[in-house]
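Asker: Protein chains in written order, with my numbering: chain G, 51 to 449; chain S, 5 to 559; chain R, 8 to 512.
Starting off with a structure, shown below.
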């Protein structure tokens, strides 16, 4: 290891030579111990690429774990709340997993290669959780965060871009399916998954192929309005899509310092992923059953459609009596919807039974001073934006 | 006529030597207590036996051109509220944070933690991926314990044997704070069990629940054995770890720092505050005994024959020195005296203070790596650490000691001239009662040489740079500083001697069986380390007894 | 087999399982005991232990009496110089005996014994029922906690303070403060660390001693008991009581797992595939076996698995059984001495050095041993040797270490009985690893898990499972891995039975 490595706290991804070259701003972000660009040019242009053309994002810092063994399928089904007993090979599922109190540790995606080989992708490091959960199962868990390079290719022209890149018949892939390709002499796993709520794919390969993959993909999309995509733009698209982010919209149970900050799936709108009737036991089942039965769920996560045009960053939410009933966890002025939207954590029954007379107190910065705005909010579905092209099969092509 | 003369002389004499409060011992707790009382308007006199003040928080220029923090060497536990109330910055106190910490390995590698969290994680990953991840959960869990205990530091432990309303109320307050309602939003059943376990487990068992590699565990376990008569495998050692983590430097709980100018700056600043509020410190005045009349403490007599009188006497000496040397046994209840005799205060630490002509090379640590800018160690496993403890139990100094070394002059320009360095080496374990005859000059030097050899194994040019060094054994601390048996905490930090049991069950509220006499030293709750909390708490109790309102952030 | 053939299925016919089953059967429950080995009794076996503390009176009463004869057994601490110390448990006699070498020690001994008795009686009030949970929003638990606190408080201010001080204390300090004779110190220290992973200087050893006393009506101190006819008599008594109570017992039947339906234990499945159904299931196995094997790892939350994994249960006692062709002679010992529990633990430092080795699973060349002489089934003399600090999974493994251990033990005994080697006809060595295999106890631990404060009371075996209920409805635990722990008191079995009765009524 060279001397330099010792002093630099953050690692470079396998794409670093390309991302640093592509960055016109030199603005970086610390994601899971790696540096990735916050924005390459301007956030607005990058956001537009995701809604108009093809956006390319370095996804490598995502935590990735390889789970192999004769009990792998049984183990995964035990680990997560969702019923995966019927999961097919070469598909991907969105999942959450909880601790013994039914508090969410993280959400993520699970990729099934075969009953004995899975890959788990998530935001928070959980190698120890996975290993401890594996007691009694015939599985081995490996942290492959550093040994898999990944790109996220999202946007209306993304299917065409990847076809040009070499992914034959990609338009026939259904959402949440995946396939192993061999392109330009190396293996690439392509899955129809993403975090923008739009048509898109994720590419997974060995780090040594990273640079050439980047170059080929950029070349393939050169006429399809392709653009590298930074973290700021990602934040915009994911809020529009209504996707939650760990440690932003809720605190991961294994990370929470204050026990009262932990959240159950029902409190973050993930109740639909909890299959209490699942035949086998899963971690947290007893606690979640009790919670459902006793109706003791305290909070909820909702979408807010806020009057006016000022984004409600960090705003406290009030009822008409000006009582504190919650807080905004993520806010955005959406260029597509032309609305101020937000995700908010509210105390029940607000957001569930009581949906009227909800207000946000927005502190809008106006040149050193702040203007307090009392904005009326409408409780809406979190999925603010979901175009049809997201799920179309065959996917849209531009030829 | 003569009689009136004599009487008026006596009166004048007494008035001159009469104060509101006399504090025995100008260690940091004594000075803290004195400053709070002076700020509240009392006339306070502090008597110190040595020529210099500060007790174990001192800076001494024992070799021209080099300043030694020759007892305590690092500042972290000093309560920020005390620093603020006593305006210590005004009187010169500035704390400089550590940049990192490292354990050097015999195979040439090293293990380090840094000020920057990402760097620390990356560093641990080199040794174990699982440990790097577990470190975050471990830090979170220890931080939780710190937050639970923080408010308890400034509380007077309730007397659980009393049925007086004040004490029952105090016990409920205690329980409420313990439930960490403010800091953590309240504790659930699980968290309470975790806390009980943390207080009763050994650090070895506790660390085994998180980590797999020996080096990670050894690096972290050090804080659990500093100054104690316990090894890492002893139940109760996990609590000692907490004791060392409780400090904060600028809000980041658990970090450590140097005080600019050495530890003496702390006590110097406190003296500055004391004097600014009308108090006084008299060095070269060793108290020989407390003057007792009609069951009350009314003053003290010094070894040079002077007598001082006061309404209240506060002892900053450890509990054994206070009640077995300067107070007559007959003025105290016999079972109290017996308990004081049984109070465990075994010293287990030694020190080397070294004047270096330049910076020693530690090849294990890459040049410029911030891991070398803080504490350095070379114990690679818990087994080694426990072996060091086993030697101490036999009455020997550890053949393979645990050291806590640092070079304050790397960050602090006032300790030595530019390019020259002062190195502090704190050693566990060193017995007070050295087997086969005890300490003498020859054995002391042999011990010093032994430590220097141990360090030289990691630094080839170390010996050549030594201009001077001072060796301190527990016996030296006992004699010179007044720490009985050389125990740096003035009493072991075991469950039977903590909180309501400290120093003696039934007398954990800073008051003594002798009326008007108080204790403010580290022998009282919450214990030792340069915290100031015992002093501030004692001052509060005294002011309460005198019906004087207390002000300040600490209260 | 039809559903709920039985009211209660007891997995394991160890003494706690037998106690539990008998108490349930007395209340007209239909009970079956399923034992993996060919006989019941578990660790209550002459191969494992010989000097048996008596069952607590409350347990015997709950059983409706037990026909076992106990023979009082004195203790003798052997000294190389022949100046042995003898304790009978009778304060008067012991005072005289100690006074022969130290008057002050004799007086202090009586004081110490009284103090420990008082405290262990107080502690005893904690033993007989299920530990309360903290913050469980359960009023009966709060009340229990309050009552326990009051019991301690009503000892009086002085005693309360002393009790509070002693909870965290180490036995070495207490002994060195009170006694001058090193052999006496060694003897009491030995009884404080027996079977544990602590040394005399470890905090928590005083409470270890108090705890053992509390579980046995204070009768253990100095004086112990032996069951006339051997340990198996007690097992036989419990088994014949079981037969009287119409409990069915099947042996050589190992349970492979619990049958779970609708998140509830409804029965057990044996290794041969046979299934037995019952309304409740009680496990007398140790907590690790109960959770990981019987309950099944795949039915546990990860946090629970972590806690069970960290439950410390490494065995520390080995047994050497020497068959002798003649009655051995020990220096300066008469016939009655040979009938005592003979201890070789000359001083605190000797014990501590031994402990130092065991901390990292190494063996010492100078072991600590407890000897008792018996007659075996052929009428020959048998010397039972209990070796302390002989670790489970000792360094290099027992196959390699066995001989070294045996040789060091015999070498040690020779110092006190020079002719012993000539009498040895047969040797049998049982390590904690062997115990694990033969008796199905994880770690081969006597008490199914360490007796240390963080694994006691409401934390035993793990938080959330300290009231004899596991995390699975319908599956209970009644063994030494539950409150109040091991030591052959029968109390866990009794308490578990009470919990089950509460649950099913």
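For every residue, glycine included, the Cβ atom is placed at its ideal position computed from N, Cα and C.
The structure displayed is predicted, hence computed values, not measured ones.
For a contact meaning CB atoms closer than 8 Å, what does residue 83 (chain S) contact in chain G?
Answerer: Under the 8 Å cutoff, chain G gives no residues; its nearest Cβ is about 22 Å from residue 83 (chain S).
Asker: So, residue 237 (chain R) versus residue 53 (chain R), is the Cβ gap smaller than 9 Å?
Answerer: Going by C-beta atoms, residue 237 (chain R) is nearer than 9 Å to residue 53 (chain R).
Asker: If you reduce the DSSP assignment to three classes, tell me which class residue 476 (chain R) lands in.
Answerer: It is a strand residue.
Asker: Is residue 200 (chain G) near residue 296 (chain G), with beta carbons less than 9 Å apart?
Answerer: In this structure, residue 296 (chain G) does not lie closer than 9 Å to residue 200 (chain G) by Cβ.
Asker: Between the alpha carbons of residue 148 (chain S) and residue 307 (chain G), how many angstroms are there, rounded?
Answerer: Cα to Cα, the separation comes out at about 6 Å.
Asker: Sorted by chain position, which residues of the same chain lie with C-beta nearer than 6 Å to residue 558 (chain S)'s C-beta, five sequence neighbours on each side aside?
Answerer: Excluding sequence neighbours, residue 558 (chain S) sits near 85, 86, 89 and 540.
Asker: Along chain S, in chain order, which residues have C-beta atoms closer than 7 Å to that of residue 171 (chain R)?
Answerer: Going along chain S in sequence order, the residues near residue 171 (chain R) (Cβ under 7 Å) are 504, 505 and 509.
Asker: Taking the C-alpha atoms as reference points, what is the distance between residue 354 (chain G) and residue 145 (chain S)?
Answerer: Spanning the two alpha carbons is a distance of roughly 35 Å.
Asker: Assess contact between the segment 182 to 201 of chain R and the segment 102 to 109 of chain R, defined as three or more Cβ pairs (one per stretch) separated by less than 8 Å. Is contact present?
Answerer: The segment 182 to 201 of chain R, when compared against the segment 102 to 109 of chain R, does touch it at the 8 Å Cβ threshold.
Asker: Given a cut-off of 9 Å, decide if residue 529 (chain S) and residue 36 (chain S) are closer than it, judged by their beta-carbon atoms.
Answerer: It is not a contact, given that the beta carbons lie outside the stated cut-off.
Asker: Give me the chain B residues within the contact set of residue 311 (chain R), using Cβ-Cβ distance strictly less than 8 Å, ordered along the chain.
Answerer: Here the protein chains are G, S and R, and chain B is not one of them.
Asker: Shortest alpha-carbon distance to residue 266 (chain G) belongs to which of G:234, G:326, G:360 and G:284?
Answerer: When only C-alpha atoms are compared, the closest one is G:234.
Asker: Any C-beta of chain G sitting closer than 9 Å to the C-beta of residue 510 (chain R)?
Answerer: False, the Cβ-Cβ gap to chain G never drops below 9 Å.
Asker: Beta-carbon of residue 23 (chain R) versus every beta-carbon of chain G: anything under 9 Å?
Answerer: Residue 23 (chain R) does not count as touching chain G.
Asker: Expressed to the nearest angstrom, what Euclidean distance is found between the alpha-carbon atoms of residue 299 (chain R) and residue 276 (chain R)?
Answerer: Whole-angstrom Cα-Cα distance: 15 Å.
Asker: Following the continuous alpha helix (DSSP H) through residue 314 (chain S), name the residue where it begins and the one where it ends.
Answerer: No alpha helix (DSSP H) contains residue 314 (chain S), which is instead part of the beta strand (DSSP E) from 311 to 319.
Asker: Jot down the residue ranges of each uninterrupted beta strand (DSSP E) in the segment 377 to 445 of chain S, minimum 3 residues, whole runs only, in chain order.
Answerer: Listed in chain order, the complete beta strand (DSSP E) runs (minimum 3 residues) inside the segment 377 to 445 of chain S are 379 to 381, 406 to 410 and 425 to 432.
Asker: What are the boundary residues of the beta strand (DSSP E) that residue 567 (chain R) is part of?
Answerer: Lying outside 8 to 512, the shown extent of chain R, residue 567 (chain R) is not represented and no answer is given.
Asker: Just verifying my parser: in three-state terms, what is the DSSP assignment at residue 254 (chain G)?
Answerer: Of the three classes helix, strand and coil, the one that applies to residue 254 (chain G) here is strand, per DSSP.
Asker: In chain G, what lies closer than 9 Å to residue 316 (chain R) by C-beta?
Answerer: Those within 9 Å of residue 316 (chain R) in chain G are 182 and 185.
Asker: Could you tell me the distance, in whole angstroms, from the CA atom of residue 45 (chain R) to the CA atom of residue 201 (chain S)?
Answerer: C-alpha separation (whole angstroms): 39 Å.
Asker: Could you tell me whether the segment 435 to 447 of chain S touches the segment 380 to 393 of chain S, where touching means 3 or more Cβ pairs closer than 8 Å?
Answerer: As far as the Cβ criterion goes, the segment 435 to 447 of chain S does not touch the segment 380 to 393 of chain S, which means the pair count is below three.
Asker: Alpha carbon to alpha carbon, how far is residue 264 (chain G) from residue 280 (chain G)? Give it in angstroms, no decimals.
Answerer: Rounded to the nearest angstrom, the two C-alpha atoms are 15 Å apart.
Asker: Could you tell me whether the Cβ atoms of residue 323 (chain R) and residue 501 (chain S) are closer together than 9 Å?
Answerer: Contact flag unset, no.
Asker: List, in order along the chain, the chain S residues whose C-beta lies closer than 7 Å to that of residue 59 (chain G)?
Answerer: Going along chain S in sequence order, the residues near residue 59 (chain G) (Cβ under 7 Å) are 120, 122, 123 and 126.
Asker: Report the CB separation of residue 211 (chain R) from residue 420 (chain R) in whole angstroms; it is logged as a contact under 8 Å.
Answerer: Their Cβ separation, rounded to whole angstroms, is 30 Å, which puts residue 211 (chain R) and residue 420 (chain R) out of contact at 8 Å.
Asker: Can you list the alpha helix (DSSP H) stretches of 4 or more residues lying completely in the segment 153 to 180 of chain G, in chain order?
Answerer: As far as the segment 153 to 180 of chain G is concerned, it has no whole alpha helix (DSSP H) run of at least 4 residues.
Asker: How many Å lie between residue 247 (chain R) and residue 74 (chain R) at the Cα?
Answerer: If I take the Cα positions, the gap works out to 10 Å.
Asker: Using C-beta distances below 7 Å, list every residue in its chain close to residue 544 (chain S), excluding the 5 sequence neighbours before and after it, in chain order.
Answerer: Answer for residue 544 (chain S): 554 and 559, listed in chain order.
Asker: Against chain R, which members of the segment 237 to 249 of chain S pass a CB distance test of less than 8 Å?
Answerer: Those would be 237, 238, 239 and 240, in chain order.
Asker: Would you call the CB atoms of residue 326 (chain S) and residue 526 (chain S) closer than 9 Å?
Answerer: The answer is no: Cβ separation not under 9 Å.
Asker: Cutting at 8 Å between CB atoms, please list the residues of its own chain near residue 226 (chain G), excluding the five before and the five after it.
Answerer: Counting only Cβ-Cβ distances below 8 Å, and skipping sequence neighbours, we find 141, 142, 143, 144, 241, 242 and 243.
Asker: DSSP three-state label for residue 403 (chain R), please.
Answerer: Coil.
Asker: Please identify, using Cβ separations under 9 Å, the residues of the segment 303 to 323 of chain G that lie next to chain S, in order along the chain.
Answerer: Answer in chain order: 304, 305, 306, 307, 308, 309, 310 and 311.
Asker: Can you give the Cα-Cα distance for residue 206 (chain R) and residue 212 (chain S), rounded to whole angstroms?
Answerer: Straight-line Cα distance between these residues: approximately 19 Å.
Asker: Short of 7 Å Cβ to Cβ, which residues in the segment 360 to 376 of chain R face chain S?
Answerer: Listed by position, the residues of the segment 360 to 376 of chain R near chain S (Cβ gap below 7 Å) are 363, 366 and 367.
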